[in-house]
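These notes are about the structure you will find just below.
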Amino acid sequence: MSKGKSVVKGLIDSAESAFFSAIEIHNKPRIAYRYPTATLLMINAWELLLKAYVYKFISRTKIYEGKDHTISFSKALIYTNEHINTTEGQNAFTATKDNLFLLAEYRNNHTHYFEHEIDPIIFMLLSKATINFNDFIKKYFKRNITEHENLIILPIGLKLPFDPIEYLNRKNLKDSSNKFTSQVISAIKDLDAAGIQESIVVGFDVYMSSIKKCSNADIIAAIDQGNIDAISINKGIRITNDPSAPAVQVDEVSLIKSQYPYSYDDLVKQLQTVITDFKRNTQFYKYLSLVKQIPSCYKIRLLNPLKPNSAKTGFYSNEAISKIKSLYNTN
């Protein structure tokens, strides 16, 4: 084996070891300092992985700093971010970079935080870092680490049912914890403003045993200032005939509440707040007719689902509001 391949293999093997250790430590039923320890190991895993990327794809000399030292995690992250965004398209790696930056920020400053207050936020940052690690090592180094391992960060020690994204909207945190939470929200908003829908976090519906892939727009919409303790996230699912896909039991009432929360009157009230001088005129009904043709914007609920001709009521999603607003802005 050549020296170059040997260096890369050594870095990747060590990265995998640190990665598996992070998951194993996190998922222990009883362990002190769960999140600081798991985060330390996850950042170590990513540091080794990023150095392998720099060595293989950028320059063999760039991972070294001086005679006996390799570059820092931060420098490896900067090199990788710049290279991938340049070679694969602007912002291709930005969400991953922001996720790792926030985890590193927590690693470096966790003693200043009230640990249990931000556990849910670290949980979903770690969950996303886990998914990103698997995708990255498979794409650039042809390693399939999930072939023999079922990797998932479990919500150990957190009250169930649990949706960690609601913690992004809590205001009764200590100052240091609230500052970190604000950093996470700012990163999500910056990504969304840049047109990047790949987020830095993953949300879990534990009672559904399924991972939620939330876009940045979904998360921002969920931060409802008028309902701090009970926010909602659009829970999108894709219908498939793949027999190996996870089974999900869909309750129509829950689906309406989460995905299509607005009646016609509610929709009008929402539009009055986002569209200047809104009126229910010919133009509005024209746009409404267009929106009703989009399944993700409009859903009909029958009074009796077994009788297609029974009375029915229509419900609208957040996307319907955005779509109508967009139509007003472009016409």
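Each residue of the sequence shown is one higher than the last, beginning at 1 in full-length UniProt numbering. Ideal Cβ placement from N, Cα and C applies to all residues, glycine included.
The alpha carbon of Pro36 has as its nearest neighbour, out of Leu125, Asn81 and Ser74, the alpha carbon of Leu125.
For Phe284, no beta strand (DSSP E) encloses it; the enclosing alpha helix (DSSP H) starts and ends at Thr282 to Val291. Sequence-distant Cβ neighbours of Tyr287 in its own chain, meaning closer than 6 Å and more than five residues away, are Ile324 and Leu327.
DSSP, read as helix, strand or coil, puts Thr276 in coil. Distance from the CA atom of Thr87 to the CA atom of Lys189, rounded to whole angstroms, is 25 Å. Distances from the alpha-carbon of Gln183 to those of Leu103, Ala194 and Thr130 put Leu103 closest. Shortest Cα-Cα distance from Met42 to any of Asp98, Tyr298, Thr313 and Thr130 involves Thr130.
Segment contact: the region 21-29 against the region 59-69, fewer than three CB-CB distances shorter than 8 Å; contact not assigned. Shown here for Tyr53: same chain residues with a beta carbon closer than 7 Å to its own, the five before and five after excluded, namely Thr80 and Tyr140 in chain order. Only buried fits Ser127, as 16 or more other CB atoms lie within 10 angstroms of its CB. Per DSSP, Tyr53 is one residue of the alpha helix (DSSP H) stretching across Arg34 to Tyr53. Residue pairing by DSSP puts Arg301 in a beta bridge opposite Thr313. In the structure shown, Thr61 adopts coil according to DSSP, grouped into three states. Your pair Ala95 and Ser199 checks out as a contact, with CB atoms roughly 6 Å apart and the cut at 8 Å. The C-beta of Asp266 has fewer than 16 other C-beta atoms within 10 Å across all chains shown, which makes the residue exposed. Closest option to Val202, judged by alpha-carbon separation, among Ser322, Val274 and Ile121: Ile121. In the three-state reduction of the DSSP assignment, Thr70 falls in the strand class. Looking at the DSSP output, Tyr262 bridges to Tyr316.
Counting the other Cβ atoms within 10 Å of the Cβ of Tyr285 gives fewer than 16, which makes it exposed. When the five nearest sequence neighbours on each side are left out, the beta carbons in the same chain lying within less than 6 Å of the beta carbon of Lys299 are those of Tyr260 and Phe315, in order along the chain.
If you ignore the 5 residues before and after Lys97, its C-beta comes within less than 7 Å of the C-beta of Leu77 and Asn81, all in its own chain and listed in chain order.
With a 10 Å radius around the Cβ and a threshold of 16 neighbouring Cβ atoms, Arg280 comes out exposed. Taking the Cβ atoms as the reference, Ile137 lies roughly 6 Å from Leu49, within the contact range of under 8 Å.
Taking the Cβ atoms as the reference, Ile321 lies roughly 5 Å from Gln270, within the contact range of under 8 Å. Exclusion of the five residues before and after Lys51 leaves Leu11, Ile63, Thr70, Ile71 and Ala76 as the residues of its chain whose Cβ lies within less than 8 Å of its Cβ.
In its chain, beyond the 5 residues on either side, Ala38, Leu41, Met42 and Ala45 have a beta carbon closer than 7 Å to the beta carbon of Ala22. Residue state for Ser326 is assigned as helix, using DSSP reduced to three classes. Annotated three-state conformation of Val8 is helix, per DSSP. A distance below 9 Å separates the beta carbons of Arg143 and Glu16.
Within its own chain, the residues whose Cβ lies closer than 7 Å to the Cβ of Val7, once the five positions on either side in sequence are excluded, are Tyr55, listed in chain order.
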